[in-house]
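In terms of this note's numbering, the sequence shown opens at residue 353 and continues consecutively.
Backbone N, C-alpha and C fix where the C-beta goes; we use that ideal spot for every residue, glycine too.
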Amino acid sequence: MTVVDGRHAAEAKIAPVLGSLPPLAADTGRIAILGLALLGGLILNLMPCVLPVLSLKLLALAGYGGAERRAARLGLLATAAGVMVSFGLLAAALIAVKSTGSAIGWGIQFQQPWFLAGMALVTTVFAASVWGWVPIFLPTSIASVVSSAHGRGHFTNAFLTGSFATLLGASCSAPFVGTAIGFALARGPMDIALVLGALSLGMAAPFLVIATFPGLVTYLPRPGRWMIWLERLLGLALLGTAVWLLSVLAAEAGSQVALIAGGALALLLSTLFWGQRLPRNELARRLLNAVTIGLATVVVLVPSLHVGAVSVQAVSARTAAGRWQPFDERKRRQMVAAGKTVFVDVTAAWCLTCKANELAVLDRSPVVGRLLDPHVVAMRADWTRADPLITAYLQSFGRYGVPLDVVYGPGARQGIPLPELLTSDVVMDAFARAAGNGKEKARQ
Numbered sequence: 353m354t355v356v357d358g359r360h361a362a363e364a365k366i367a368p369v370l371g372s373l374p375p376l377a378a379d380t381g382r383i384a385i386l387g388l389a390l391l392g393g394l395i396l397n398l399m400p401c402v403l404p405v406l407s408l409k410l411l412a413l414a415g416y417g418g419a420e421r422r423a424a425r426l427g428l429l430a431t432a433a434g435v436m437v438s439f440g441l442l443a444a445a446l447i448a449v450k451s452t453g454s455a456i457g458w459g460i461q462f463q464q465p466w467f468l469a470g471m472a473l474v475t476t477v478f479a480a481s482v483w484g485w486v487p488i489f490l491p492t493s494i495a496s497v498v499s500s501a502h503g504r505g506h507f508t509n510a511f512l513t514g515s516f517a518t519l520l521g522a523s524c525s526a527p528f529v530g531t532a533i534g535f536a537l538a539r540g541p542m543d544i545a546l547v548l549g550a551l552s553l554g555m556a557a558p559f560l561v562i563a564t565f566p567g568l569v570t571y572l573p574r575p576g577r578w579m580i581w582l583e584r585l586l587g588l589a590l591l592g593t594a595v596w597l598l599s600v601l602a603a604e605a606g607s608q609v610a611l612i613a614g615g616a617l618a619l620l621l622s623t624l625f626w627g628q629r630l631p632r633n634e635l636a637r638r639l640l641n642a643v644t645i646g647l648a649t650v651v652v653l654v655p656s657l658h659v660g661a662v663s664v665q666a667v668s669a670r671t672a673a674g675r676w677q678p679f680d681e682r683k684r685r686q687m688v689a690a691g692k693t694v695f696v697d698v699t700a701a702w703c704l705t706c707k708a709n710e711l712a713v714l715d716r717s718p719v720v721g722r723l724l725d726p727h728v729v730a731m732r733a734d735w736t737r738a739d740p741l742i743t744a745y746l747q748s749f750g751r752y753g754v755p756l757d758v759v760y761g762p763g764a765r766q767g768i769p770l771p772e773l774l775t776s777d778v779v780m781d782a783f784a785r786a787a788g789n790g791k792e793k794a795r796q
């Protein structure tokens, strides 16, 4: 059990009273959770969260069209390794943060402006690499193992593809992911490592399967002029990802900070472009490196020094101005006690699954009609920036990430938590159950 008080947290182990139910063996429960994590990692490839990095995955596969089997296998294994190493880094970071007693959650790295700026920087540089403006190489000691195929840069890009797909895609929950993450983060370091390892294996599974049967890539078209146009389009898609990250940065740290970071990225991209046309001498190379490092430092340093409290207040003000009220637990209880139905939506600016739920369900009929009903109160909790109260609310439902939607009412005072991916039928059924005594069905 974790008790949170502001920035402080305390943990204690308690034995649940199961009555006549036989206790579930720890190993059996862990195996079941690992199975869910493996399936959840596989499903994560299809979630809206990974749409910004879909171009990276497409590039990884298209690059092997017509390639000989060994090169294809090594490249796909490099992509899978990028996924698994990045999940390992996330696990290590979560274990370290948890050991300090701080509240943790899934996707908390997106609550840090420096992370958003850093990923925008890396994505921009990777776009320049796709266009051939800047080479990215593996260390010589590692590259020597695979240099007989296509060279260091090819496998570096494959590895970074997996890394970016993980770091940018691990912002939202997917079916089974929330359950597995909830289990892991509520337990010790070993369970965190095992669950995130299973998630990484599930997400890397498509690349591992194709690597096992590399002959499948021979059915792709052989590289040609079409690859040049594909690289241009995918580079633009990567820049689109950087713009999306900057838009989230604007929501967290303010538009001024995002404009400074965006301007520095634009200058950096221009520097890399013109750098290919500079004379190949030592002085020009050193000058180019100095300017590049300076601009990269500005991109990450400015958001790191900004607190961003004003931006969070602005987000709350915009929420209050629409049909959504800012989340308030005390007011929520009062509304339910008064016989109202309360719909709570926990979201974040960086959660693409949340945006997909809004566009596909919450902002469309018949759900939007029920949210505008005078008997219904719609509350929104913004988890874009770290908030201990919202984190505690998520954890009260065994969730450690967004989205989370809960429906309260006279017939469901404890709340009905909804799945990560919403449908109109699921939401309307929850409204009917929360109202109780058939009142909701009568109004429909």
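In whole angstroms, what is the alpha-carbon distance linking P755 and W626?
-> Counting from one through the sequence shown, the residue named residue 755 turns up at place 403. Counting from one through the sequence shown, the residue named residue 626 turns up at place 274. Each residue's Cα considered, the two are about 43 angstroms apart.
Looking only at DSSP bridge pairs, what is P769 linked to?
-> Position 417 of the sequence shown, counted from the first residue, corresponds to residue 769. BP columns for P769 point to V758.
Reducing DSSP to helix, strand and coil, say where L490 ends up.
-> Mapped onto the sequence shown, residue 490 falls at position 138. Residue confidence is low: L490 scores 46 on pLDDT, short of 50, so the model does not pin down where it sits. Its coordinate-derived value is still stated next. Looking at L490 - three-state DSSP - the assignment turns out to be coil, as it is neither helix nor strand.
Proximity below 8 angstroms, CB of E537 to CB of G393 | Taking the sequence shown and counting its residues from 1, one reaches residue 537 at position 185. Taking the sequence shown and counting its residues from 1, one reaches residue 393 at position 41. Sequence check: residue 537 is Leu here, not Glu. No. Outside cutoff.
In the structure shown, what three-state DSSP assignment does D739 receive?
-> By 1-based counting over the sequence shown, the position of residue 739 is 387. Coil.
Decide if F565 is buried, meaning its Cβ has at least 16 other Cβ atoms within 10 Å, or exposed.
-> In the sequence shown, residue 565 corresponds to position 213, counting from 1. Classification of F565: exposed, given that the 10 Å Cβ count is below 16.
Under three-state DSSP, which class holds P678?
-> Within the sequence shown, numbered from 1, the residue matching residue 678 stands at position 326. Three-state DSSP puts P678 in a strand.
Is the beta carbon of M471 less than 8 angstroms from the beta carbon of L548?
-> On the sequence shown, position 119 is the one that residue 471 refers to. On the sequence shown, position 196 is the one that residue 548 refers to. For M471 and L548, no; Cβs fall outside 8 angstroms.
Report buried or exposed for A784, applying the criterion of at least 16 other Cβ atoms within 10 angstroms of its Cβ.
-> Residue numbering aside, residue 784 sits at position 432 when the sequence shown is read from its first letter. Classification of A784: buried, given that the 10 Å Cβ count is 16 or more.
Taking buried to mean at least 16 other C-beta atoms within 10 Å of its own C-beta, is K365 buried or exposed?
-> Your numbering for residue 365 matches position 13 in the sequence shown. Result: exposed.
CA-CA distance, G592 and L704?
-> Counting from 1 along the sequence shown, the entry for residue 592 is found at position 240. Counting from 1 along the sequence shown, the entry for residue 704 is found at position 352. Cα to Cα, G592 sits roughly 14 angstroms from L704.
7 angstroms CB neighbourhood of V652 in its chain, flanking five on each side removed | Numbered from its first residue, the sequence shown carries residue 652 at position 300. Closer than 7 angstroms at Cβ, skipping near neighbours: W466, A469, G470, L473.
Output the boundary residues of the alpha helix (DSSP H) element that contains F478.
-> Translated into the one-based positions of the sequence shown, residue 478 becomes position 126. Here the alpha helix (DSSP H) through F478 covers 465–482.
The segment 456–463 contacting the segment 737–747, beta-carbon criterion three pairs below 8 angstroms = yes
Just how far apart, CA to CA, sit T699 and L551?
-> Here the question's residue 699 lines up with position 347 in the sequence shown. Here the question's residue 551 lines up with position 199 in the sequence shown. Each residue's Cα considered, the two are about 22 angstroms apart.
For A730, which three-state DSSP category applies?
-> Counted from its first residue, the sequence shown places residue 730 at position 378. A730 falls in the strand class under three-state DSSP.
Relative to the alpha-carbon of W702, which residue among R716, D734, V696, L711 has its alpha-carbon at the smallest distance?
-> Numbered from 1 along the sequence shown, position 350 holds the residue referred to as residue 702. It is D734 whose Cα lies nearest to the Cα of W702.
Element boundaries [beta strand (DSSP E), containing T693] = Here the question's residue 693 lines up with position 341 in the sequence shown. Start and end: 693–699.
Taking the CB atoms as reference points, tell me whether T844 and L640 lie closer together than 8 angstroms.
-> Past the boundaries of the shown model lies residue 844; the chain is included only from 353 to 796, so the question cannot be answered.
In chain order, which continuous runs of the alpha helix (DSSP H) of length 4 or greater are located wholly inside the segment 522–595?
-> 529–537, 541–564
Nearest-angstrom Cβ-Cβ length linking G677 and A730, presumed shorter than 8 angstroms | In the sequence shown, residue 677 corresponds to position 325, counting from 1. In the sequence shown, residue 730 corresponds to position 378, counting from 1. The identity of residue 677 in the sequence shown is Gln, whereas the question assumes Gly. With 8 angstroms as the limit, Q677 and A730 qualify as a contact, their Cβ atoms being about 7 angstroms apart.
Can the beta-carbon of A522 be found less than 8 angstroms from the beta-carbon of G434?
-> Position 170 of the sequence shown holds residue 522. Position 82 of the sequence shown holds residue 434. Their beta carbons are not under 8 angstroms apart, which means A522 does not touch G434 by this criterion.
Are there 16 or more other CB atoms within 10 angstroms of the CB of D715, so buried, or fewer, so exposed?
-> To locate residue 715, count along the sequence shown from 1; it is residue 363. Per the 10 Å Cβ criterion, exposed.
Classification of S451 by the beta-carbon crowding that lies within 10 angstroms, buried from 16 upward | As a position in the sequence shown, residue 451 is number 99, starting the count at 1. The residue is exposed, with fewer than 16 neighbouring Cβ atoms inside 10 Å.
List the whole-angstrom C-beta distance separating V758 from V696, where the pair is believed to meet the contact cut-off of C-beta under 8 angstroms.
-> If you number the sequence shown from 1, residue 758 lands on position 406. If you number the sequence shown from 1, residue 696 lands on position 344. Contact flag correct, Cβ pair sits at about 5 angstroms.
Which residue comes first and which comes last in the beta strand (DSSP E) that contains V355?
-> Within the sequence shown, numbered from 1, the residue matching residue 355 stands at position 3. V355 -> beta strand (DSSP E) spans 354–357.
Where do the N-terminal and C-terminal ends of the alpha helix (DSSP H) with A361 fall, by residue?
-> Position 9 of the sequence shown, counted from the start, is the residue given in the question as residue 361. Counting along the chain, A361 falls outside any alpha helix (DSSP H), though it belongs to the beta strand (DSSP E) covering 360–363.
Would A526 pass as a contact of I395 if the rule is Cβ separation under 8 angstroms?
-> For this step, residue 526 is matched to residue 174 along the sequence shown. For this step, residue 395 is matched to residue 43 along the sequence shown. Yes, the pair counts as a contact, with Cβ atoms nearer than the cut-off.
Give the range of the alpha helix (DSSP H) segment to which E710 is assigned.
-> Working through the sequence shown from its first residue, we reach residue 710 at position 358. Bounds of any alpha helix (DSSP H) do not take in E710, whose DSSP letter is neither H nor E.
Nearest-angstrom Cα distance between D357 and G753?
-> As a first step, residue 357 is located in the sequence shown; it is residue number 5 there, counting from the start. As a first step, residue 753 is located in the sequence shown; it is residue number 401 there, counting from the start. When rounded, the distance between both Cα atoms is 19 angstroms.
Within 10 angstroms of the Cβ of E772, are there 16 or more other Cβ atoms? Answer buried if so, exposed if not.
-> Here residue 772 refers to the residue found at position 420 when the sequence shown is read from its first residue. Counting of Cβ neighbours within 10 angstroms places E772 among the buried residues, the total reaching 16 or more.
Chain-order list of residues whose beta-carbon lies under 7 angstroms from that of A764 (same chain, five-residue window excluded) | Along the sequence shown, read from residue 1 onward, the residue named residue 764 stands at position 412. Correct list, in chain order: R785, A786.
Taking just the CA atoms, how far does K707 sit from G503?
-> For this step, residue 503 is matched to residue 151 along the sequence shown. For this step, residue 707 is matched to residue 355 along the sequence shown. Below a pLDDT of 50, predicted positions are generally treated as unreliable, and G503, at 46, falls in that range; the measurement from the model is reported next regardless. So the alpha carbons of these two residues sit roughly 40 angstroms apart.
In terms of alpha-carbon separation, which member of A642, L428, H727 lies closest to G691?
-> The residue you call residue 691 lines up with position 339 of the sequence shown. When A642, L428, H727 are compared, the shortest CA-CA separation from G691 is found for H727.
Tell me whether A764 sits in a helix, a strand or coil according to DSSP, three-state version.
-> Taking the first residue of the sequence shown as 1, we reach residue 764 at position 412. Three-state result, A764: strand.
Looking only at its own chain, which residues have a Cβ that is under 7 angstroms from the Cβ of T354, when we skip the five neighbours before and after it?
-> On the sequence shown, position 2 is the one that residue 354 refers to. Once the five neighbours on either side are set aside, the close Cβ partners of T354 are A361, E363, Q747.
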